[in-house]
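S.K.: If you scroll down you'll find the structure; I have some questions about it.
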DNA sequence: TTCATCCTTCGATAGTAATCGAAGTGTGAT
DNA sequence: ATCACACTTCGATTACTATCGAAGGATGAA
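Chains as they are written, first to last, in our numbering: chain P, 1 to 226; chain C, 1 to 226.
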């Protein structure tokens, strides 16, 4: 009837709760399997498969076969952009899925996002590494500088082992409580692991909260104030 | 379950063809009535009313009552942003409502948009009238200047008759093939009628194409090169 | 080969939402 | 007062789609 791009078709693909959950899970930038996405969306694998088929047909996600797994990624940065804008709108009009409850402050401060640190402290870490010129935020993604490599070694992270994994070393991940980027990727995960090992922080059981020890938080602050 | 804004709810509101049509019509920035939006969407007033109620409840549009009309506008620039991004995606993945077939060039060049001229020549007309200061694009919409009134008279358009109609005299209409505004409103319709009368152009049967005669196009070019 | 795992397809069900005809409400014009 | 118009509400229909159980590949491991 009318000329122009078919907005509705694309928007409808993002307009189902299960699919929206999958897509936001993919915003971290990491490829996820169908099973992981099913869990994220809270649906059975069959249902997830159906949704993923639709998203694939609509070219919102791109599948990559690896062994008996199928890994999905977003088809492009424009999808991320769309999700971001929609989140902004949802936020503005007050369509939120969970109330900002009493124990929320701790979640906002520090929590795990899959396997890396998110929340205010996650953002602080990312910013600190940028300011200290240990990582650089280029158009092609986040990369480590030579100074960063030296730092990782000194901090007790085996970069060579990380590089052997398929997963990208550094990646930025949008933080919805803080609306800024925090550090993801295998290096981001390794940093959080190291915080645990050093006794700076520990996970709170049955929750995504990461609780820093008093001394650990002090050392963390020193770390990010390059 | 998950924290964060409820993307799906917002996206679902944009994910219906009728609603998407209404919203893209509102991208021009001007307030439109429920009836106009119904026509844009190609649905009956009842259906449009239902959609508008949903959009209003979701705070995507804002109503403003004026007499027996209800004017709707987008609730904020973020909505425009979202629509633009979605259009980009739809374009990238090739979800277009009309095929860019062989006879497409003619459609792009000149076609009717309801009752006025759209396409490249429609945009050229609009721009020409603006440049010639016959119309002005103000925040409250497009208005005619004194020079414009004089021109209309000379061109054989009875402005007084047009003014007696309820319909606004001048209006801009977003052109998706050209991504720019063209002239709508009763004056826009009258201009196209006059082109027919003068033998400058004629409609191609069973199509929205407006085909200009060689001489008619030349005179049209003279007209818009104020 | 046999088994386990990951994922998809099929089929049935249930819930939702778009649509429009008919009727109702409110506003402005004659 | 009467009419016309703009819009909404109600009710019924229709169509779609999300969902999951069950079963069927496909891949890798033992």
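Using N, Cα and C, we set each Cβ at its ideal position, and we do this for glycine too.
Please report the distance separating the alpha-carbon of residue 112/P from that of residue 209/P.
M.R.: Residue 112/P and residue 209/P: Cα-Cα distance of roughly 7 Å.
S.K.: Any idea what DSSP makes of residue 221/C, helix, strand or coil?
M.R.: helix
S.K.: If you check the beta carbons only, do residue 49/P and residue 61/P fall under 8 Å apart?
M.R.: no
S.K.: Quick check on the DSSP output: what are the complete beta strand (DSSP E) runs of length 3 or more inside the segment 70-131 of chain C, in order along the chain?
M.R.: 111-113, 116-118
S.K.: Would the segment 18-38 of chain C and the segment 7-15 of chain P be scored as touching if the rule is three or more Cβ pairs under 8 Å?
M.R.: yes
S.K.: Please return the same chain residues whose Cβ sits closer than 7 Å to the Cβ of residue 213/C, not counting the five positions on each side in sequence.
M.R.: Spatial neighbours of residue 213/C in its own chain (CB-CB distance under 7 Å, excluding positions within 5 residues in sequence) are listed in chain order as 199, 200, 201.
S.K.: Please report the distance separating the alpha-carbon of residue 91/C from that of residue 5/P.
M.R.: 6 Å
S.K.: In whole angstroms, what separates the C-alpha of residue 222/C from that of residue 150/C?
M.R.: Per the coordinates, the alpha-carbon of residue 222/C lies some 17 Å from the alpha-carbon of residue 150/C.
S.K.: State the DSSP-derived secondary structure class of residue 11/C, mapped to helix, strand or coil.
M.R.: helix
S.K.: Under 8 Å between the Cβ atoms of residue 79/C and residue 135/P?
M.R.: no
S.K.: Could you tell me whether the Cβ of residue 219/P comes closer than 8 Å to any Cβ of chain C?
M.R.: no
S.K.: How about residue 159/C and residue 7/P: do their beta carbons lie closer than 8 Å?
M.R.: Note that the C-beta distance between residue 159/C and residue 7/P is not below 8 Å.
S.K.: Tell me the rounded alpha-carbon separation between residue 193/C and residue 171/C.
M.R.: 16 Å
S.K.: Quick one: using the 10 Å Cβ neighbour count with 16 as the cut-off for buried, is residue 36/C buried or exposed?
M.R.: buried
S.K.: Within 10 angstroms of its Cβ, does residue 146/P collect 16 or more other Cβ (buried), or is it exposed?
M.R.: exposed
S.K.: Helix, strand or coil for residue 19/P per DSSP?
M.R.: helix
S.K.: Does residue 227/P come out as helix, strand or coil in the three-state DSSP assignment?
M.R.: Outside the shown range of chain P, which is 1 to 226, sits residue 227/P, and nothing can be said about it.
S.K.: Near residue 63/P, what residues of its chain come up, given a Cβ to Cβ distance below 8 Å and the 5 sequence neighbours on each side ignored?
M.R.: 52, 56, 70, 71, 72
S.K.: Using beta-carbon positions only, say whether residue 120/C and residue 109/C come within less than 8 Å of one another.
M.R.: yes
S.K.: Residues of chain C with CB closer than 7 Å to the CB of residue 93/P, please, in chain order.
M.R.: Against chain C, the beta carbon of residue 93/P has neighbours under 7 Å at 58, 59, listed in chain order.
S.K.: Assuming residue 31/P contacts residue 116/P (C-beta within less than 8 Å), just tell me the rounded distance between them.
M.R.: With a Cβ gap of about 15 Å, residue 31/P and residue 116/P do not count as contacting.
S.K.: With DSSP as the reference, label residue 136/P as helix, strand or coil.
M.R.: Judged by DSSP in its simplified three-state form, residue 136/P adopts strand.
S.K.: Looking at residue 182/C and residue 94/C, is the spacing between their C-beta atoms short of 8 Å?
M.R.: no
S.K.: Report the residue from 24/C, 132/C, 38/C, 131/C whose alpha carbon sits nearest the alpha carbon of residue 81/C.
M.R.: 24/C
S.K.: Let's test the definition: count the other Cβ atoms within 10 Å of the Cβ of residue 155/C and tell me whether it reaches 16, buried, or not, exposed.
M.R.: exposed
S.K.: Please report how far the alpha carbon of residue 237/C lies from the alpha carbon of residue 163/P, in whole angstroms.
M.R.: With chain C covering 1 to 226 only, the question about residue 237/C has no answer from this structure.
S.K.: So for residue 145/C, helix, strand or coil by DSSP?
M.R.: If DSSP states are grouped into helix, strand and coil, residue 145/C belongs with coil.
S.K.: If contact means a Cβ-Cβ distance below 8 Å, which residues of the segment 69-84 of chain P contact chain C?
M.R.: So the close ones are 75, 76, 78, 79, 81, 82, 83.
S.K.: To be precise: take each residue of the segment 4-19 of chain C, compare its Cβ to all Cβ atoms of chain P, and keep it if any distance is under 7 Å. Which residues remain?
M.R.: The segment 4-19 of chain C vs chain P, Cβ under 7 Å: 4, 5, 6, 7, 8, 9, 10, 11, 12, 14, 15, 16, 17.
S.K.: Give the DSSP-derived three-state secondary structure of residue 213/P in the structure shown.
M.R.: coil
S.K.: Rank 33/C, 44/C, 40/C by C-alpha distance to the C-alpha of residue 228/C and give the top, closest one.
M.R.: Because chain C is modelled from 1 through 226, residue 228/C falls outside the range shown and cannot be assessed.
S.K.: Does the distance from the C-beta atom of residue 195/C to that of residue 216/C stay below 8 Å?
M.R.: yes
S.K.: Does residue 188/P have its Cβ less than 8 Å from a Cβ in chain C?
M.R.: no
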